[in-house]
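The structure appears right after this line, and notes come after that.
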Amino acid sequence: MSEMILLPGLVVLAYLLGSVSSAIIVCKLMGLGDPREAGSGNPGATNVLRIGGEKGKLAAAITLLGDVLKGVVPVLVAHGLALEALWIVLVGLAAFLGHLYPLFFQFKGGKGVATMLGVLLALNFWAGLATAATWLFVAKVLKISSLSALIATFLAPIYIYFITQSVSGEAEMSWVWVTAIMTAILFWRHRGNIQRLIKGEEGLIKSK
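Shown next as structure tokens:
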């Protein structure tokens with residue numbers, strides 16, 4: 000198979016994998032209804048936890064794992080095929096966009112934090128780990144899930160820059176720029192949360 004077919008094909012497959020909504024599938028299998036029609040209406044792990052009742056923790060954990068793997072798997076495949084750095088990160092971006100705008104669910108997806116984390120972990124494990132650690136630290140201190148995600152993803156391109164630079168002596172700039180694009184999109188998807196943060200109306204993690 001020529002590269003002209005292989006490379007765009009991998010991007011399309013990554014988008015299709017991202018389009019598989021873990022939250023909707025998990026909720027349906029566990030009899031929790033459609034997460035788009037309950038709670039915040041967001042098909043993500045936080046809303047699954049919110050609406051899940053006694054099954055909430057398990058359902059949310061499975062949803063989170065599924066969303067992370069949607070970012071991890073296609074990027075690892077791209078790594079395994081020894082693609083150029085730009086194509087590897089474009090595969091990750093496609094999976095991320097699939098989660099946000101899923102073909103199979105009327106293009107109404109989640110906010111992308113877990114899938115972006117999966118992409119980062121597969122691009123560079125240490126950069127992904129630093130992003131996850133930032134989220135956990137801020138969540139522990141401030142107890143606001145959306146703010147934790149915003150701060151962690153804002154720092155993600157910086158982590159990518161310095162960690163890839165420390166490994167090879169030169170930062171992988173295609174990864175830095177595409178990670179920055181994902182961060183910008185994620186901020187846009189969280190615009191409602193940002194407005195509530197400014198007004199002091201965003202709920203605490205412990206209250207959810």
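Quick note: the sequence shown uses numbering that gives the first Met the number 0, first residue 0, plus one each step.
Heads up, the beta-carbon is just placed ideally off N, CA and C, and yes, glycines get one too.
Within the same chain, and ignoring the five residues on either side of asparagine 192 in sequence, the residues whose Cβ sits closer than 7 Å to its Cβ are Ser145 and Glu201. The beta carbon of leucine 64 is closer than 6 Å to none in its chain, skipping five residues each way along the sequence.
The beta carbons of valine 177 and glycine 117 sit about 14 Å from each other, so the pair does not count as a contact at 8 Å. Glutamate 36 and phenylalanine 106 have their C-alpha atoms some 15 Å from each other. Distance between glutamate 171 and glycine 52, taken at the CA atoms: about 44 Å. Threonine 45 and leucine 149 have their C-alpha atoms roughly 15 Å apart. DSSP places lysine 56 in the helix class (H, G or I) of the three-state scheme. Counting only residues of its own chain and dropping the five nearest sequence neighbours on each side, alanine 121 has a CB closer than 6 Å to the CB of Val71, Val74 and Leu75. The DSSP assignment places complete alpha helix (DSSP H) segments of no fewer than 4 residues inside the segment 119-186 at 124-141 and 144-167, in order along the chain. Distance between alanine 183 and glycine 32, taken at the CA atoms: about 31 Å. Distances from the CA of serine 173 to each of Ala84, Lys69, Tyr14 and Leu48 were compared; the closest alpha carbon is that of Ala84.
In this structure, tyrosine 158 lies near threonine 130, with their beta-carbon atoms less than 8 Å apart. Between valine 10 and alanine 113 the beta-carbon gap is near 20 Å, outside 8 Å, which marks them as no contact.
Going by DSSP, alanine 22 is part of the alpha helix (DSSP H) stretching over 21-28.
In the structure shown, the three-state DSSP call for lysine 110 is coil. In this structure, the straight-line span from the alpha carbon of methionine 115 to that of isoleucine 180 is close to 11 Å. Counting of Cβ neighbours within 10 angstroms places lysine 69 among the buried residues, the total reaching 16 or more.
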